[in-house]
Each structure stands twice: as C-alpha cells, then as structure tokens.
C-alpha cells in the first residue's frame with residue numbers, strides 16, 4: 209500500500225526566503241506526482257504535475273523535482289510571499305494503474321511580512 | 038473554461054438524516070472522484086466514477102454511495118448521518134485516461150449535529 213509522507217508538517221518563515229518542501233513515497237512505481245495548494249476551508253488548487261518520465265517541472269516561482277528511484281519529490285518556492293501561506297499537499301498516482309492518488313498530510317506554510 | 042463546481046458549499050444536518058452533494062466536472066472530463074477531508078484523517082478517497090460506472094472504491098461503509106450521469110455530473114449520497122461524517126467533501130475531475138491531472142472543486146462543508 210502506497211504511503212506518502214510530507215516533511216515538515218508546518219513551517220513559518222519571513223517573507224523573501226527560499227523554501228523547500230519535501231514529499232516521500234514508499235512505492236516508486238508511480239505514474240504521476242502532483243503538488244497542490246489548499247487555502248483554509250477551500251478546495252485544492254493544482255500547482256504542478258510531474259509525469260513519471262520527467263525529472264522536474266517549473267511554474268513561475270515554483271519548481272518541483274522528482275526522483276522516482278529514491279521515492280522523493282521536492283517543491284521549491286523562491287522568494288516567498290505572504291500570499292504563499294497555505295497548506296501544500298503532494299499526491300502520487302496509485303501504482304496499480306487506477307490513477308487514484310494517495311495524498312500526504314501536507315505542509316502548513318506561513319510566510320510572515 | 039469553468040472549473041469544478043460543487044453544491045452546496047455548506048450544509049448542516051441532524052444525525053440520522055441523509056444528504057446529497059453535487060459535483061459538476063470540467064467540460065470534457067469523464068472521471069469524477071470524491072474525497073472526505075478531516076483534520077484527523079486527512080484526505081481519504083471515497084470513490085471514482087468514469088462514464089457513469091463506479092471504477093474505484095475506497096474503504097468507506099455502504100452508507101456512502103454515488104452516481105454519475107450521462108453529462109458526467111456526479112452526486113454523492115450519505116445516509117443515516119453520524120457525527121463523524123462532519124467533514125469537507127471534495128470532488129475532483131480529470132480526463133480519466135492517460136496522464137490525468139486532477140482538478141478539485143471548492144468542496145462542501147458538511148456539519149452533522
């Protein structure tokens with residue numbers, strides 16, 4: 209059974225810092241890994257999708273990398289802003305091929321001015 | 038392009054009642070998945086519908102059921118509500134085949150009193 213772990217569980221940083229959020233998974237036979245952002249009480253917003261054949265994806269100040277062999281992904285946030293405050297979740301597709309993602313518990317990020 | 042729409046956004050129900058939640062996927066998406074999110078358990082997969090058929094199912098009791106219509110809209114029903122059913126219910130849609138980036142709705146906040 210796939211298990212996804214995100215470290216740290218919570219993070220509080222001053223504005224302007226570069227951040228690294230970590231995601232690890234137990235079964236490396238994944239199809240995709242997706243990073244999401246969730247604001248309190250709201251739905252999930254897709255940030256980046258990395259296919260299993262890719263090593264990284266970039267969108268603006270966000271960069272996500274994937275190392276399937278070690279079962280790890282990192283989300284890099286450059287020059288953090290207070291508007292980045294949210295919970296960040298990663299999810300990997302079920303290795304059985306059903307495309308049902310398994311989610312981590314998330315990293316709660318606070319960026320203070 | 039409209040996103041995933043969930044209705045209603047908020048619901049308050051009494052123990053023993055039943056409830057129906059609705060999800061309209063992104064146009065062209067044939068797969069709709071439902072999730073329950075609670076502080077204690079995180080995001081848990083309920084079930085997935087593809088082309089009006091339940092394709093995958095999580096580990097929830099039979100009180101939780103769903104269906105999908107020919108236009109891909111989906112409904113989720115919970116019967117005999119319990120206090121522990123209080124949660125944010127999220128639905129996600131994707132193309133359903135191949136590399137399937139998931140897009141989430143804003144969720145329905147269900148409170149059982």
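Chains as they are written, first to last, in my numbering: chain A, 209 to 321; chain B, 38 to 150.
Yeah, the Cβ is synthetic: ideal placement off N, Cα and C, and Gly gets one too.
Contacts around residue i, its chain only, beta-carbon distance under 7 Å, and the 5 residues preceding and following it disregarded
i                     : result
residue 75 (chain B)  : 124
residue 273 (chain A) : 263, 264, 281, 282
residue 311 (chain A) : 212, 297, 299
residue 115 (chain B) : 55, 56, 100, 101, 122
Within-9 Å CB hit, residue i to chain B
i                     : result
residue 233 (chain A) : no
residue 268 (chain A) : no
residue 217 (chain A) : no
residue 321 (chain A) : no
residue 277 (chain A) : no
residue 257 (chain A) : yes
residue 213 (chain A) : no
residue 315 (chain A) : no
Reduced DSSP category for residue i - H, G, I as helix; E, B as strand; rest coil
i                     : result
residue 292 (chain A) : helix
residue 69 (chain B)  : strand
residue 96 (chain B)  : coil
residue 264 (chain A) : strand
residue 308 (chain A) : coil
residue 285 (chain A) : strand
residue 81 (chain B)  : strand
Residues near residue i in its chain [Cβ-Cβ closer than 6 Å; skip 5 each side]
i                     : result
residue 110 (chain B) : 61
residue 242 (chain A) : 257, 299
residue 120 (chain B) : 149
Counterpart residues of residue i in DSSP-defined beta bridges
i                     : result
residue 121 (chain B) : Residue 121 (chain B) is not bridged to any residue.
residue 50 (chain B)  : B:149
residue 222 (chain A) : A:320
residue 101 (chain B) : B:115
Contacts around residue i, its chain only, beta-carbon distance under 8 Å, and the 5 residues preceding and following it disregarded
i                     : result
residue 277 (chain A) : 236
residue 46 (chain B)  : 143, 144, 145, 146
Residue i at chain A interface by Cβ criterion, 9 Å
i                     : result
residue 43 (chain B)  : yes
residue 101 (chain B) : no
Short of 8 Å Cβ to Cβ, which residues in the segment 219-251 of chain A face chain B?
239, 240, 242, 244, 249, 250, 251
Quick one: which residues of the segment 55-70 of chain B get their C-beta closer than 9 Å to a C-beta of chain A? List them in chain order.
68, 70
In chain order, what residues of the segment 105-120 of chain B put their CB closer than 9 Å to some CB of chain A?
none
With 9 Å as the C-beta to C-beta threshold (strictly closer), list the residues of the segment 281-309 of chain A near chain B in chain order.
297, 299, 301, 302, 306, 307, 308, 309
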